[in-house]
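In UniProt numbering, the protein residues as written are 1 to 120.
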């Protein structure tokens, strides 16, 4: 059985985009992360050692976002998913969604985003 650890609405400011104006300043993004892994041992024993530390995952994603300058959201979301998979060998899979909160498009949209799912 696989359980899911959810992280929702993680906000980061990132330089991301291909337009010249997007390369000048950080843009607000949100991350939603689903980590698939069994946490039955942690639940049965009330012990954090049987699960993935979501605070550490949040730190990992914030570090990646703050250190990188990306042209594509696709690059950022894929790297985040890869790093989360490498973080804990007990993770069976991860889905990461990244959304631009103020996309530079003329149409009236709330967000644009991409999603990446990786499995072992």
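Even glycine gets a Cβ: it sits at the ideal position worked out from N, Cα and C.
Worksheet item: Apart from the five residues just before and just after residue 81, which ones in its own chain have a Cβ nearer than 7 Å to its Cβ?
Response: These residues qualify, in order along the chain: 94, 96, 116 and 118.
Fill in: Inside the segment 47-89 only - alpha helix (DSSP H) runs reaching at least 4 residues
Runs of the alpha helix (DSSP H) inside the segment 47-89: 54-67 and 73-87.
Worksheet item: Near residue 51, which residues of its chain fall below 6 Å by C-beta distance, leaving aside the five closest residues on each side in sequence?
Response: Closer than 6 Å at Cβ, skipping near neighbours: 39 and 42.
Discussion item. Does residue 28 come out as helix, strand or coil in the three-state DSSP assignment?
Written reply: Residue state, collapsed to three classes: strand.
Worksheet item: Contact between the segment 12-26 and the segment 82-91: three or more CB pairs below 8 Å?
Response: No, the segment 12-26 is not in contact with the segment 82-91.
Item to complete: Measure the C-alpha to C-alpha separation of residue 69 and residue 45 and round it to an integer number of angstroms.
Response: Going by the C-alpha atoms only, they are around 42 Å apart.
Discussion item. So, at 6 Å on beta carbons, what are the nonlocal neighbours of residue 32 in its own chain, with the 5 sequence-adjacent residues on each side left out?
Written reply: Non-local beta-carbon contacts of residue 32 in its own chain, meaning distances under 6 Å to residues more than five positions away in sequence, involve 8 and 97 in chain order.
Worksheet entry | Minimum C-alpha distance to residue 5 - residue among 37, 29 and 11 | Between residue 5 and the set 37, 29 and 11, the nearest pair of CA atoms involves 37.
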